[in-house]
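As given, the protein sequences belong to chains R and B, one line each in that order.
For the first sequence, the residue numbers in our numbering are 106 to 583.
For the second sequence, the residue numbers in our numbering are 106 to 583.
2 protein chains.
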Amino acid sequence: MAEEKQQGLTETKKGNFSEWYNQVVQKAELADYAPIRGFMVVRPNAYVLWESIQENFNKAIFKKGVRNAYFPLLIPKSFFEKEAEHAEGFEPELAWIESDSKDVEEKVAIRPTSETIMYASYSKWIRSWRDLPLRINQWCNVLRWEVRQTKLFLRTREFLWQEGHCVYETEEQAEKEALMFLDEYKNLCQDLLAVPVLLGQKTESEKFAGAKKTFTIEALMPDGKALQMGTSHNLGQGFAKAFEIEYLDEKGNKKLPWQNSWGFSTRLIGSIIMVHGDDKGFVTPPRLAKIKAVIIPILFDKTKEQVLKKAKEFEKKLDFLNAFVDDRDSYSAGWKFNEWELKGIPLRIEIGPKDLNKKQIVLVRRDTGKKEFVKESKIAEKAKQVIEEMHKDMFKKAEKFLKENSVEAKTWPDFKKALAEKKLILAPFCNTTECEEEIKEETTVTSRCIPFGQKNQKLKCIKCGKETTIKAWFGKSY
Amino acid sequence: MAEEKQQGLTETKKGNFSEWYNQVVQKAELADYAPIRGFMVVRPNAYVLWESIQENFNKAIFKKGVRNAYFPLLIPKSFFEKEAEHAEGFEPELAWIESDSKDVEEKVAIRPTSETIMYASYSKWIRSWRDLPLRINQWCNVLRWEVRQTKLFLRTREFLWQEGHCVYETEEQAEKEALMFLDEYKNLCQDLLAVPVLLGQKTESEKFAGAKKTFTIEALMPDGKALQMGTSHNLGQGFAKAFEIEYLDEKGNKKLPWQNSWGFSTRLIGSIIMVHGDDKGFVTPPRLAKIKAVIIPILFDKTKEQVLKKAKEFEKKLDFLNAFVDDRDSYSAGWKFNEWELKGIPLRIEIGPKDLNKKQIVLVRRDTGKKEFVKESKIAEKAKQVIEEMHKDMFKKAEKFLKENSVEAKTWPDFKKALAEKKLILAPFCNTTECEEEIKEETTVTSRCIPFGQKNQKLKCIKCGKETTIKAWFGKSY
């Protein structure tokens with residue numbers, strides 16, 4: 106039996122949330138700090154979630170005509186300087202390569218994002234209207250030398266992400282598809298990760314460096330902070346101009362195309378941990394989980410062989426869930442229960458000598474802890490059903506939290522009251538950089554997004570009182 | 106109709122092989138040169154092959170208990186220096202980050218391989234025999250600042266690869282599994298890429314920096330050069346010692362574990378192009394291809410609608426092959442035939458007005474160009490069958506070439522004669538660094554591997570004449 110100490114959580118989610126998060130990440134073996142400050146190791150328990158996200162998202166975008174590719178890690182200095190706003194946005198965080206010993210013509214930096222290096226190729230590849238739309242995505246590592254404190258998955262200097270970069274003949278197409286990809290992000294978050302999101306457009310001061318418009322999906326974390334889950338941009342023609350991407354239209358006229366780009370990162374994994382985790386540890390959204398069930402045999406000397414044999418039978422039967430038998434001799438059943446709860450496997454199947462006679466097993470849901478006896482013959486069907494129920498319940502629970510913790514404010518005192526209650530706040534906003542700056546300075550709160558589909562309204566900005574027609578979401582953010 | 110010039114190959118495979126290769130790579134849009142010397146862009150037509158390789162290999166290693174993870178891009182200088190041979194092997198090719206403006210305690214470089222950064226984590230994670238074996242793999246980019254001339258897929262400064270790193274209680278386990286993973290490499294190459302390989306052990310001078318033994322799979326390219334397709338290493342205990350990876354055995358004694366590592370890279374894609382490509386362009390090994398069939402409707406004004414409708418029906422029916430209809434108005438059918446031959450889609454399905462009446466289609470195999478009429482009702486079944494035949498025929502053809510171009514040499518003049526004929530040569534070898542160095546200097550040839558399972562033989566080294574019991578493969582290499 107286990108000689109080692111059980112490594113459970115020593116902090117609760119309602120207690121010190123940040124400490125609880127760090128414990129879940131490390132004790133569930135999702136990630137670890139790297140030897141260099143600001144970097145992280147994505148451990149197998151989390152990387153498998155990233156792979157599942159990739160698999161699902163790849164299927165979705167392949168249908169939309171997107172193809173994956175891989176562009177170089179290093180970008181020449183002159184490329185950053187071609188688009189002024191873009192350069193200004195990223196310059197402070199670039200990591201440059203020592204060039205004295207290298208045969209490079211100019212300084213190069215590790216990519217913080219790949220607009221520039223991709224569009225240099227695009228300008229070679231795109232010749233005529235026949236080459237458009239061009240839709241390319243890449244999964245890669247990027248590096249931004251942040252000075253703020255590291256938070257595993259949420260803020261690290263290197264992170265993994267996908268970045269889609271498309272080129273079109275018209276702005277209408279570029280914007281329409283920027284919104285289409287945003288919608289795919291919503292589907293990914295809600296239908297796979299069970300995390301509800303708010304959609305909208307970023308304000309002037311929060312939009313991407315070099316973009317004309319930025320669209321976003323935002324989720325609310327249990328500590329009342331918003332998390333940006335993904336963004337897509339109408340890039341206008343700025344990059345096309347800077348990188349001389351030109352095409353001949355059907356009539357043979359030289360034209361500048363329109364572009365969009367869109368990305369999400371491994372911070373999605375951070376959101377899952379925060380939203381679904383509990384005092385026992387991590388809870389994997391069941392559709393996302395690769396290993397959806399662990400089978401734990403209850404072993405006594407006399408019946409050991411029979412029980413193990415039956416457990417192995419179930420392993421085969423539940424191969425479509427990548428179920429596995431935890432048959433380690435060196436740990437007790439109770440120890441195993443705790444370990445797999447900590448690591449968040451959606452379903453636990455217990456089988457002991459009594460169950461053998463009754464031709465049944467015990468099925469336990471990770472999120473609710475609810476136990477159920479299931480007839481042997483029904484196990485595959487039942488497991489499938491419980492996985493779907495679990496997904497829906499987890500999503501509903503998170504949606505309820507989002508609803509209960511988002512309010513509308515009409516006056517500045519209301520705004521500040523809601524803020525003290527750690528709520529996400531919808532408020533009339535004039536969408537000027539000055540006003541947003543003032544709000545930020547006074548409250549540390551930033552705008553999250555301007556919801557889509559707002560009817561023409563006569564409103565007054567929550568801060569400056571000037572007339573406006575829109576409301577925006579405000580909140581503290583990661 | 107097409108106004109643009111068809112971009113076919115202007116060089117043949119039997120002509121200037123190197124120029125032919127570069128043309129296939131670029132005109133089939135597999136890869137492109139990047140703005141920085143020595144770097145490449147992996148374009149969607151090639152990246153999709155890499156994804157297919159990943160998917161297949163991931164399935165194989167998951168069954169062997171391997172889990173994927175992601176470790177940091179940057180490695181501290183002191184890590185490289187912990188294992189002397191390893192440091193010496195990689196030092197000249199490291200790209201260091203400018204550290205003046207960065208808050209790093211010591212110099213850091215972009216990973217050329219990840220032994221050191223991974224094993225630093227392993228030493229934290231591994232505590233007892235219960236934690237072993239530990240089997241982790243990562244898919245990532247690595248960077249080695251090569252000074253030799255760039256060859257797309259075969260020699261670039263940055264490339265994509267997988268690197269598996271496992272830890273065991275005994276050397277027997279470590280070596281057994283190093284060979285098991287080598288066997289998975291063989292399966293991948295032969296059963297998916299249709300490229301036959303030779304297996305064996307590297308000689309003393311060709312083994313990996315820091316390894317006790319290196320195992321390899323080698324393929325023969327049409328120009329007579331060997332290509333190393335993947336290697337696995339028995340790392341011994343050198344890294345465990347250097348990185349203080351220790352565990353408590355069942356009796357509570359502190360022990361040093363044994364390790365192996367194994368990797369292959371995007372150069373596999375280079376091998377496919379060279380082995381299977383022809384004067385029309387690229388030929389995708391059919392099991393590897395994501396898009397296995399293109400449907401080309403033969404369009405005339407009167408029957409256009411009917412033919413297109415039928416083509417779309419087939420697209421649905423052949424969705425399991427990711428088949429698609431090329432219905433572009435702006436290109437002729439002939440132009441399309443050439444384009445998809447150049448890009449190497451395994452199957453072409455032609456459908457015209459005459460076929461409509463006869464309820465048939467024309468099926469064309471990319472490798473042989475063989476045309477066949479197929480009844481509409483049989484198309485799915487037939488396509489599956491042809492894909493399997495095509496794989497087998499492509500493999501057989503490559504195997505025949507390998508057999509016909511590998512010979513045994515017993516004397517030094519034989520060796521040099523075979524070399525002049527651009528053959529791969531099996532010869533008795535003393536396995537000393539001195540002798541290998543001499544052979545290399547005189548002929549530019551290096552040893553490729555020492556085949557497994559050699560019976561005890563009384564031989565004399567082809568070069569120095571000293572007694573030996575083994576033969577080794579020699580050849581020019583990429």
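We put the CB at the ideal spot given by N, CA and C, even for glycine.
**Message:** Among the candidates B:A416, B:L257, B:E504, whose CA atom is the shortest distance from the CA of A299 (chain B)?
**Reply:** B:E504
**Item:** C-alpha distance - I322 (chain R) paired with W367 (chain R), whole-angstrom precision
**Value:** 11 Å
**Prompt:** In this structure, does DSSP put I374 (chain B) in helix, strand or coil?
**Reply:** helix
**Request:** Quickly, what does DSSP pair V479 (chain B) with across the bridge? List them, please.
**Result:** B:I466
**Message:** For the alpha helix (DSSP H) containing E504 (chain R), name the first residue and the last one.
**Reply:** 484-509
**DSSP three-state assignment for N339 (chain R), whether helix, strand or coil** = strand
**Request:** Establish whether the CB of P451 (chain B) and some CB of chain R are separated by less than 8 Å.
**Result:** no
**Asked** Of the residues that make up the stretch 341-360 of chain B, which ones have a beta carbon closer than 8 Å to any beta carbon in chain R?
**Response** none
**Request:** Identify, in the order they occur along the chain, each residue of the same chain with its Cβ nearer than 7 Å to the Cβ of P177 (chain B), setting aside the five sequence neighbours on each side.
**Result:** I222
**Three-state secondary structure assigned by DSSP to L239 (chain R)** = strand
**Prompt:** Should K346 (chain B) be labelled buried (16 or more other beta-carbon atoms within 10 Å of its own) or exposed?
**Reply:** exposed
**Request:** Give a yes or no on whether 8 Å exceeds the smallest Cβ distance from S157 (chain R) to chain B.
**Result:** no
**Asked** Using CA coordinates, which residue listed in R:R471, R:L461, R:D472, R:R470 is at the minimum distance from S482 (chain R)?
**Response** R:L461
**Request:** Report the residue from B:F419, B:A577, B:K515 whose alpha carbon sits nearest the alpha carbon of F534 (chain B).
**Result:** B:A577
**Prompt:** CB-CB under 6 Å to A139 (chain B), same chain, minus the five flanking residues each way: which ones, in chain order?
**Reply:** M145, V146
**Asked** In three-state terms, what does DSSP make of F313 (chain B)?
**Response** coil
**Prompt:** Any beta-carbon of chain R closer than 8 Å to the one on S435 (chain B)?
**Reply:** yes
**Prompt:** With a cut-off of 8 Å, does the C-beta of R235 (chain B) fall near any C-beta of chain R?
**Reply:** yes
**Request:** Please name the residue or residues paired with S366 (chain R) in a DSSP beta bridge.
**Result:** R:H270, R:H338
**Message:** I want to verify the contact list: residues of chain B whose CB lies under 8 Å from the CB of P238 (chain R), in sequence order.
**Reply:** Per Cβ cutoff of 8 Å: no residues; P238 (chain R) is ~13 Å from chain B at best.
**Prompt:** chain B partners of E263 (chain R), CB-CB under 7 Å?
**Reply:** P177, L178
**Asked** Would you report the Cα separation of A277 (chain R) and G343 (chain R), rounded to the nearest angstrom?
**Response** Checking the displayed sequence, the identity of residue 277 (chain R) turns out to be Glu instead of Ala. The alpha-carbon atoms of E277 (chain R) and G343 (chain R) are separated by roughly 16 Å.
**Request:** Taking R262 (chain B) as the reference, give the member of B:I575, B:F195, B:E220, B:M285 with the closest Cα.
**Result:** B:F195
**Asked** Quick one: is F579 (chain B) buried, meaning 16 or more other Cβ sit within 10 Å of its Cβ, or exposed?
**Response** buried
**Asked** Helix, strand or coil: how does DSSP classify Y126 (chain B) here?
**Response** helix
**Request:** Please state whether DSSP places T275 (chain R) in a helix, a strand or coil.
**Result:** coil
**Residue burial classification, K307 (chain B) (beta-carbon count within 10 angstroms, cutoff 16)** = buried
**Asked** Using the beta-carbon of each residue, which ones in chain B are nearer than 7 Å to L259 (chain R)?
**Response** The contacting residues do not exist; L259 (chain R) stays about 16 Å from chain B at best.
**Asked** To which residues of the same chain is A136 (chain B) closer than 7 Å at the C-beta, ignoring the five residues directly before and after it?
**Response** V130, M145, V146, V147, R148, A151, L257, F258
**Message:** Contact criterion: CB-CB distance below 8 Å. Does V399 (chain R) meet it with respect to chain B?
**Reply:** no
**Request:** Kindly say whether P556 (chain B), judged by its beta-carbon, lies nearer than 8 Å to any beta-carbon of chain R.
**Result:** no
**Request:** Could you name the residues of the stretch 187-203 of chain R whose beta carbon sits closer than 7 Å to any beta carbon of chain B, in the order they occur along the chain?
**Result:** A200, W201, I202, E203
**Asked** So, R466 (chain B) versus I454 (chain B), is the Cβ gap smaller than 8 Å?
**Response** The question names Arg, but residue 466 (chain B) in the sequence shown is Ile. Result yes, Cβ atoms of I466 (chain B) and I454 (chain B) sit closer than 8 Å.
**Request:** Could you work out which residue in B:P197, B:A214, B:F478 is closest to S204 (chain B) when comparing CA atoms only?
**Result:** B:A214
**Prompt:** Closest Cβ-Cβ distance between P362 (chain R) and chain B: below 8 Å?
**Reply:** no
**Message:** Between which two residues does the alpha helix (DSSP H) holding D441 (chain B) run?
**Reply:** Reading off the sequence, residue 441 (chain B) comes out as Lys, not Asp. Segment 438-448, the alpha helix (DSSP H) holding K441 (chain B).
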